[in-house]
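Undergrad:
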Amino acid sequence: DAGITQSPRHKVTETGTPVTLRCHQTENHRYMYWYRQDPGHGLRLIHYSYGVKDTDKGEVSDGYSVSRSKTEDFLLTLESATSSQTSVYFCAISERSWDTEAFFGQGTRLTVV
Amino acid sequence: KNQVEQSPQSLIILEGKNCTLQCNYTVSPFSNLRWYKQDTGRGPVSLTIMTFSENTKSNGRYTATLDADTKQSSLHITASQLSDSASYICVVSGQAGTALIFGKGTTLSVSS
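So the sequence lines, in the order shown, correspond to chains A and B.
Going left to right, the first sequence walks through residues 13 to 125 as this note's numbering numbers them.
Going left to right, the second sequence walks through residues 565 to 676 as this note's numbering numbers them.
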């Protein structure tokens, strides 16, 4: 999986608790992305980063925040988890911008009860 | 609105048979189109990329076509194998600085 590690791989949490998912890459790619994948929907972009401390929102960013303090790490935080955030979360990386190949991690299955 | 529509939603075929998956898009301007394969429990992996000037591209038993005029692409799988069972996702890239547009995928099941 192109040197991308997501942690944890599975998590069950309670409504209202904060949750942080981690994406770690060893490829030194500039761009990093967080997507969520739900039945009946394509992959949807939550947030992305185009460099250390440079981040921007995607189409479904409400309820999520991100941070990137190092090139290799991109964190996704659910400030107060809700049941609607139960999903599979994928981290992706790409070397340049949108029109280059994105490499995906193995995903994190998050269940909010 | 930029959209990517895939058909069929799901498909079941016998091992050894061929199949074709369709992707229609409304993304404009267009940069490129990728087909990704996603095995159950894994992240998507790129199979092939099609740029505006390309009509056909092969990757082993996978052949992708692109008609930029009608904004249609297809992925043809020849002599299917059990390992081809997966979701196939069409992803379109517009101009630089715009987000990738993902289709919902076609779930292919190959049975013996």
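Don't be surprised by glycine CBs; every beta carbon is placed ideally from N, CA and C.
Is there contact between the region 587–599 of chain B and the region 633–644 of chain B, where contact requires at least three CB pairs shorter than 8 Å?
TA: Touching, yes.
Undergrad: Show which residues of chain A have a CB atom less than 7 Å away from the CB atom of B/Phe594.
TA: The premise fails here: B/Phe594 is roughly 10 Å from chain A at the closest Cβ pair, so nothing lies under 7 Å.
Undergrad: From this set, B/Ala632, B/Thr612 and B/Gln570, which residue's C-alpha is nearest A/Ala114's C-alpha?
TA: Ranking B/Ala632, B/Thr612 and B/Gln570 by Cα distance to A/Ala114 puts B/Thr612 first.
Undergrad: If you draw a straight line from the C-alpha of B/Ser595 to the C-alpha of B/Gly607, how long is it?
TA: Spanning the two alpha carbons is a distance of roughly 23 Å.
Undergrad: According to DSSP, is B/Ser644 part of a helix, a strand, or is it coil?
TA: Of the three classes helix, strand and coil, the one that applies to B/Ser644 here is coil, per DSSP.
Undergrad: Mind checking whether A/Val72 and A/Leu57 have CB atoms under 9 Å apart?
TA: Cβ distance < 9 Å, so A/Val72 and A/Leu57 count as in contact.
Undergrad: B/Ser657 and B/Leu664: beta carbons closer than 9 Å?
TA: Their beta carbons are under 9 Å apart, which means B/Ser657 touches B/Leu664 by this criterion.
Undergrad: Taking A/Ser81 as the reference, which of A/Arg48, A/Thr17 and A/Cys35 has the closest Cα?
TA: Among A/Arg48, A/Thr17 and A/Cys35, the Cα nearest to that of A/Ser81 is on A/Cys35.
Undergrad: Out of A/Gly28, A/Lys23, A/Phe116 and A/Asp68, which one is the CA nearest neighbour of A/Ser99?
TA: Selected option, being the one with the closest Cα: A/Lys23.
Undergrad: Going by C-alpha distance, which of B/Gln645, B/Gly624, B/Gln602 and B/Asn619 is nearest B/Thr634?
TA: For the residues B/Gln645, B/Gly624, B/Gln602 and B/Asn619, the minimum Cα distance to B/Thr634 belongs to B/Asn619.
Undergrad: Cα separation between A/Thr89 and A/Pro30?
TA: If you take the alpha carbons of A/Thr89 and A/Pro30, they lie about 7 Å apart.
Undergrad: Buried or exposed: which applies to A/Phe116, given that a residue is buried once 16 or more other Cβ atoms fall within 10 Å of its Cβ?
TA: A/Phe116 is buried by the Cβ-count criterion.
Undergrad: What do you reckon, are the CB atoms on B/Gly667 and A/Gly119 nearer than 9 Å?
TA: Result no, Cβ atoms of B/Gly667 and A/Gly119 do not sit closer than 9 Å.
Undergrad: Going by DSSP, what residues sit across from B/Leu585 in a beta bridge?
TA: DSSP lists B/Leu639 as partners of B/Leu585.
Undergrad: With B/Thr670 and B/Ser651 assumed to form a contact (beta carbons below 8 Å), what rounded beta-carbon distance in angstroms separates them?
TA: The Cβ separation is near 7 Å, so the contact holds.
Undergrad: Are the beta-carbon atoms of A/Thr32 and A/Leu87 separated by less than 9 Å?
TA: Taking 9 Å as the Cβ cut-off, A/Thr32 and A/Leu87 qualify as a contacting pair.
Undergrad: Which ranges would you report for the beta strand (DSSP E) in the region 80–109 of chain A if only whole runs of at least 3 residues count?
TA: As far as the region 80–109 of chain A is concerned, its whole beta strand (DSSP E) runs of at least 3 residues are 85–90 and 99–106.
Undergrad: Let me make sure I understand the geometry here. Which of A/Ser106, A/Gly52 and A/Val124 has the alpha-carbon closest to that of A/Ile16?
TA: Among A/Ser106, A/Gly52 and A/Val124, the Cα nearest to that of A/Ile16 belongs to A/Ser106.
Undergrad: Note down, in chain order, all residues in the region 606–618 of chain B with a beta-carbon under 8 Å from any beta-carbon belonging to chain A.
TA: Flagged, chain order: Arg606, Gly607, Pro608, Val609, Ser610 and Ile613.
Undergrad: Comparing C-alpha positions only, which one of A/Phe102, A/Val64, A/Ser109 and A/Thr112 sits nearest to A/Trp46?
TA: Nearest option by C-alpha distance: A/Phe102.
Undergrad: Note down, in chain order, every chain B residue with its Cβ under 8 Å from the Cβ of A/Gln37.
TA: The contacting residues do not exist; A/Gln37 stays about 13 Å from chain B at best.
Undergrad: Would B/Ile653 be called buried (16 or more neighbouring beta carbons within 10 Å of its own) or exposed?
TA: So B/Ile653 counts as buried.
Undergrad: Quick one: Cα of A/Val124 to Cα of B/Leu597, how far?
TA: Rounded to whole angstroms, A/Val124 to B/Leu597 spans 34 Å at the Cα level.
Undergrad: Considering only residues of the same chain and omitting the five flanking positions on each side of A/Pro20, which have a CB-CB separation below 7 Å?
TA: If we look at A/Pro20 and ignore the five residues flanking it on each side, its Cβ neighbours are Thr120.
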